[in-house]
Amino acid sequence: MRRLVGLLSAFAVVVLASCTITEDSAPTDIPVDQQGNFGELATGDAAVGGSRIYLLSPVGTDDQALLRAVPRSDATNPEELLTSLIAGANADESTTGLSSAVPADLEILDASTVGTRLTVDINEALAELSDQGLRLALAQIVATSSEIDQVRQVRLRVNGQNQGWPTGDGEVTDRPLTLYDYPGFLETSQPDFPALPLPSA
Numbered sequence: 002m003r004r005l006v007g008l009l010s011a012f013a014v015v016v017l018a019s020c021t022i023t024e025d026s027a028p029t030d031i032p033v034d035q036q037g038n039f040g041e042l043a044t045g046d047a048a049v050g051g052s053r054i055y056l057l058s059p060v061g062t063d064d065q066a067l068l069r070a071v072p073r074s075d076a077t078n079p080e081e082l083l084t085s086l087i088a089g090a091n092a093d094e095s096t097t098g099l100s101s102a103v104p105a106d107l108e109i110l111d112a113s114t115v116g117t118r119l120t121v122d123i124n125e126a127l128a129e130l131s132d133q134g135l136r137l138a139l140a141q142i143v144a145t146s147s148e149i150d151q152v153r154q155v156r157l158r159v160n161g162q163n164q165g166w167p168t169g170d171g172e173v174t175d176r177p178l179t180l181y182d183y184p185g186f187l188e189t190s191q192p193d194f195p196a197l198p199l200p201s202a
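Take the sequence shown: its letters are residues 2 to 202, numbered as in our numbering.
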């Protein structure tokens with residue numbers, strides 16, 4: 002009996018040892034068929050403060066995304082506010098379906114205001130976007146820039162060079178952009194007007 006107990010104990014030790022997970026000494030690739038879709042991490046700033054950026058509202062398959070204003074911490078200069086826009090939606094906003102067409106690798110090389118015009122020098126990241134994606138990103142940049150005191154128009158340059166940009170209807174212009182170039186792109190908070198009563202016979 003004592004010998005049987007000893008054999009069973011030894012067997013249990015061997016089984017447990019075979020189930021132990023050991024640490025690899027070098028990184029191991031995960032086979033493609035076992036890789037999960039972990040998604041992109043939300044990198045946006047906290048939704049607090051008096052500044053606002055514009056993200057894209059969640060939409061159905063046949064609808065166009067609209068720009069929705071969300072709060073951000075008070076920006077002390079245009080570059081800081083636009084950098085917050087590039088960071089995109091934060092975790093809570095991503096959960097509700099908010100997103101951004103502005104590429105995460107967009108860089109603000111310089112941003113300065115003269116009167117009502119904001120001139121922003123960027124890298125060439127916007128060239129990666131499709132036609133509709135580019136117009137949405139431009140609308141986000143223009144709307145967010147218009148939140149800066151007295152800014153009414155935005156001149157976008159790529160590596161210091163002026164460039165033509167599509168407006169909301171796809172027409173390319175080389176003049177500074179304004180919110181009026183993207184009609185219908187902003188989500189409105191105005192309630193629907195009540196239906197007028199029909200005149201009595």
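Ideal placement from N, C-alpha and C gives every residue a C-beta, glycine not left out. Bear in mind that the values here come from a model prediction, so they are computed numbers and not experimental data.
Throw me the rounded Cβ distance for the residue i and residue j pair, which I believe falls under 8 Å.
i      : j      : result
Gln228 : Leu157 : Because the chain is modelled from 2 through 202, residue 228 falls outside the range shown and cannot be assessed.
Ala102 : Gln141 : 6 Å
Note down, in chain order, each residue of its chain lying with its Cβ closer than 6 Å to the Cβ of residue i, except the 5 sequence neighbours on either side.
i      : result
Asn124 : Glu108
Ile149 : Pro79
Ala76  : Ser52 and Leu82
Asp106 : Ala126
In angstroms with no decimal places, state the Cα-to-Cα distance between residue i and residue j.
i      : j      : result
Val60  : Ser52  : 25 Å
Asp30  : Leu139 : Reliability of the predicted coordinates at Asp30 is poor, the pLDDT of 38 falling under 50, and the value obtained from them is presented with this limitation in mind. Approximately 39 Å between the Cα atoms of the pair.
Asp182 : Gln154 : 10 Å
Glu80  : Val173 : 25 Å
Thr97  : Ala128 : 28 Å
Ala144 : Gly185 : 12 Å
Leu180 : Ser147 : 8 Å
Val115 : Pro177 : 13 Å
Leu119 : Ala92  : 30 Å
Val159 : Ser95  : 29 Å
Leu110 : Asp63  : 36 Å
Trp206 : Asp175 : A question about residue 206 goes unanswered here, because the residues of the chain that appear run from 2 up to 202.
Leu130 : Gly50  : 30 Å
Leaving out five residues before and five after residue i in sequence, what residues of the same chain have Cβ atoms less than 7 Å from its Cβ?
i      : result
Glu188 : Ser58, Leu67, Leu68 and Arg69
Please state if the CB of residue j and the CB of residue i are separated by a distance shorter than 8 Å.
i      : j      : result
Ser100 : Leu56  : yes
Gly161 : Asp122 : yes
Ala88  : Pro104 : no
Among the residues of its own chain, which have a CB less than 8 Å from the CB of residue i, if the five just before and after it don't count?
i      : result
Gly171 : Asp132 and Arg136
Gly134 : Ala102
Thr117 : Gln151, Val152, Arg153 and Gln154
Tell me whether residue i, by its Cβ, gets closer than 7 Å to a heavy atom of the ligand SAH.
i     : result
Leu67 : As far as ligands go, the structure on display features none, and thus does not contain the ligand SAH.
Complete runs of the alpha helix (DSSP H) confined to the region 132-164 [at least 4 residues]:
Restricting attention to alpha helix (DSSP H) runs no shorter than 4 residues, the region 132-164 encloses them at 132-146, ordered along the chain.
As an exercise, report each continuous alpha helix (DSSP H) stretch of at least 4 residues that is fully enclosed by the region 66-110, in chain order.
The region 66-110 contains these whole alpha helix (DSSP H) runs: 79-88 and 92-96.
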